[in-house]
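In what follows, a single structure is set out as structure tokens and then discussed.
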Ligand code: LLP
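Numbering (our numbering), first residue to last: 1 to 426.
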């Protein structure tokens, strides 16, 4: 996170005193900085400006409509994984020509929706290809498709977020891709337009992107050798960000990614004498560092460890629990005080595993203090739940010292919405 001016010992974010934000909107509270978001998206556009590239933001990382509208205004397309995400992107004004509907398990309804709305579909299996062709045929429409390739590439990331391994559930095995393309050419109402892969997430050693590019471009060559043509190659998302101080120093930038991908991509398109669009699907590297989660300290307990119990747990940020992920924690009303004690920061959820940050040296913490959990913009709110009967929190957008509410706090009514009590219960 970029360090801003710190006044009265308070953390500032997007030009706002976060202690005031917490007082005004209550906690927990997600706070997103609009300028950081625009900056992150622009860095991709600049890094890839020498090549015909579209950036399809991965909506799963953060589907807030205000953020999507900002990205739409910067020229983003979208990678969507469900009818819900498709609806969000369309209502944010992202044009359907720039939307790719992904997923390894699409229902009949999903297939219909993609065909009717005119978005491209990334096909994950032969089974799905045949079903999609049948739906498009029935609706009398042609649907552009990409074949999701399993490139068998192993990034060094948590196994839960490595998606391009041979044993992963995603994509068509590398050696089956050409026969599937050939079948697509024969099937009615589907138009083969692209090859697609996504190798994993939070990738810091980006050499694997070079490997994936090579493999994908070798497939492109084979597609053309067999007399078929393509419009685009989509190399997915996955660029990691610096969550830890030492990672911040080595975290690769979109420019570093371009330097790894573009030589192999351009060499092959020149060799083949073809024009292909490059598509990328970054999520985390666009939104991760744009957002902090503010949470109030409810209790400090000196036990086997020093526990700081805050009002946000894995109901609002599941990453530490699910992936052992590290998020920096700052005592937002004591930013100039010396870090002096070891604390473990825990949430309010009734599970011993509800730990947000283990063994951190922080200034002396007291009940009522405000904690900021950094880099919470990707897979934070979007993975939240109402577990333990906790309504989800609010989100605000800050920009040059101004603030807007972009999602209201849920109420108790939201917990019971859609629940029905059988009439026979009286
Ligand atoms: N494209 C596809 C097909 C994907 O499956 C994903 C992420 C992305 C793009 C975006 O990847 P990114 O640029 O954000 O790394 N919940 C996990 C991450 C799951 C990623 C799922 N797929 C986490 O919190 O670390």
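Even glycine gets a Cβ: it sits at the ideal position worked out from N, Cα and C.
Query - Separation of residue 176 from residue 84, as counted between CA atoms - result: 31 angstroms
Report task. Mind checking which residues open and close the beta strand (DSSP E) that includes residue 232? Result -> 232 to 234
Query raised in the report: Can we count residue 239 as close to the ligand LLP, meaning its CB is less than 7 angstroms from some heavy atom?
Result: yes
**Report entry** Which of helix, strand or coil DSSP assigns to residue 263
**Finding:** helix
Query raised in the report: Hey, would you say the C-beta of residue 102 is under 7 angstroms away from at least one heavy atom of the ligand LLP?
Result: yes
Query raised in the report: Near residue 380, what residues of its chain come up, given a Cβ to Cβ distance below 6 angstroms and the 5 sequence neighbours on each side ignored?
Result: 317
Query raised in the report: Given a threshold of 16 other Cβ atoms within 10 Å of its Cβ, counted over all protein chains shown, does residue 404 qualify as buried or as exposed?
Result: exposed
Requested in this report: Compare the beta carbon distance of residue 218 and residue 283 with 8 angstroms and say whether it is the shorter of the two.
Outcome: no
Query raised in the report: Under the criterion of a Cβ to heavy atom distance below 7 angstroms, does residue 383 qualify as lining the ligand LLP?
Result: yes
Query raised in the report: Exposed or buried, what is residue 140 when buried is set at 16 or more other beta-carbons lying within 10 Å of its beta-carbon?
Result: exposed
Query - Contacts around residue 407, its chain only, beta-carbon distance under 7 angstroms, and the 5 residues preceding and following it disregarded - result: 64, 394, 395
Report task. Look up residue 173 in the DSSP assignment and say whether it is helix, strand or coil. Result -> strand
Query raised in the report: Hey, out of 120, 165, 247, whose CA is closest to residue 143's CA?
Result: 120
Query raised in the report: Between which two residues does the beta strand (DSSP E) harbouring residue 196 extend?
Result: 190 to 196
Report task. For the alpha helix (DSSP H) containing residue 35, list its first residue and its last residue. Result -> 34 to 47
Query raised in the report: In chain order, what residues of the same chain lie with their CB nearer than 7 angstroms to the CB of residue 118, ignoring the 5 residues before and after it?
Result: 96
Query raised in the report: Of the residues 54, 371, 352, which one's Cα is nearest the Cα of residue 360?
Result: 371
Report task. Give, in chain order, every unbroken run of the alpha helix (DSSP H) that is at least 4 residues long and sits entirely within the region 110 to 176. Result -> 126 to 139
Query raised in the report: If you count every other CB in all the chains shown that lies within 10 Å of the CB of residue 255, and 16 or more means buried, which is it?
Result: exposed
Query raised in the report: Do residue 289 and the ligand COA come close, with the Cβ less than 7 angstroms from some heavy atom?
Result: What this structure holds is the ligand LLP, not the ligand COA.
Query raised in the report: For residue 135, which option in 152, 110, 149 has the closest C-alpha, if you only look at C-alpha atoms?
Result: 110
Query raised in the report: Out of curiosity, what's the CA-to-CA distance linking residue 45 and residue 341?
Result: 43 angstroms
Requested in this report: Find the nearest neighbour of residue 301 within the set 346, 163, 276, judged by alpha-carbon distance.
Outcome: 346
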